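I have placed the structure first, in the form of structure tokens, so that the comments after it can refer back to it.
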Amino acid sequence: MKSFSVNIIIRVALLLLTMSGLAFIFGRMELFFNHIILVTLLIFQVYELIRYVHRTNRELAKLLLSIRNNDFTVSFNTMKQDRQFRELHDAFREIMHAYQDVKIEKEAQYEYLRLIVRHIKVGIISVKGQDEIALMNQPALDTLQTGTYHYWHNL
């Protein structure tokens, strides 16, 4: 992220330099074409600064949306990026892999819990929220003399 900050500082410094040059020659009609060149350069620099910052924001939003949606297929292309974006994408990939590992571990623990509950001889029903049945083993189904339901109010 250091290089991102340095890049922003350089861009802002160039903007200030261009604006200073424009202010220095402002009002001199003999330098009319220099006005046009400096204004065009100023517009281009502002556009590039905004594009540069938005690119970072888009990548961050992409990461956060993929985490929110549990989408681990999102990739960050580092082949054609600058060094600072390559570092950012490497960090994003590390976060995605760590989050994916945690999710896999959580799913494995849940499957292990289901296996244990399935082999217990006592009826067990786990209710999630108000009425959603999260977990029910066979002895519970036998005791209730019912089939598999997903909601408590259906029993």
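Count the sequence shown with this note's numbering and you get residues 60 to 214, in order. Idealized CB from N, CA, C, for every residue including glycine. Remember, predicted model here, so these are calculated numbers, not experimental data.
If you draw a straight line from the C-alpha of residue i to the C-alpha of residue j, how long is it?
| i | j | result |
| --- | --- | --- |
| P198 | A167 | 23 Å |
| R70 | L108 | 7 Å |
At what residues does the alpha helix (DSSP H) containing residue i begin and finish?
| i | result |
| --- | --- |
| E118 | F91 to R127 |
In this structure, does DSSP put residue i in helix, strand or coil?
| i | result |
| --- | --- |
| I183 | coil |
| T77 | helix |
| V71 | helix |
| F131 | coil |
Along the chain, where does the beta strand (DSSP E) containing residue i start, and where does it finish?
| i | result |
| --- | --- |
| M195 | E191 to M195 |
Rounded to whole angstroms, how far is the Cβ of residue i from the Cβ of residue j, which I believe are closer than 8 Å?
| i | j | result |
| --- | --- | --- |
| I84 | H94 | 7 Å |
| G206 | N196 | So it is not a contact: roughly 14 Å between Cβ atoms. |
| Q104 | F131 | Their Cβ separation, rounded to whole angstroms, is 38 Å, which puts Q104 and F131 out of contact at 8 Å. |
| F151 | T115 | With 8 Å as the limit, F151 and T115 do not qualify as a contact, their Cβ atoms being about 11 Å apart. |
| V98 | L81 | 7 Å |
| N128 | K162 | Actually they are not in contact, since the Cβ atoms of N128 and K162 sit about 12 Å apart, beyond 8 Å. |
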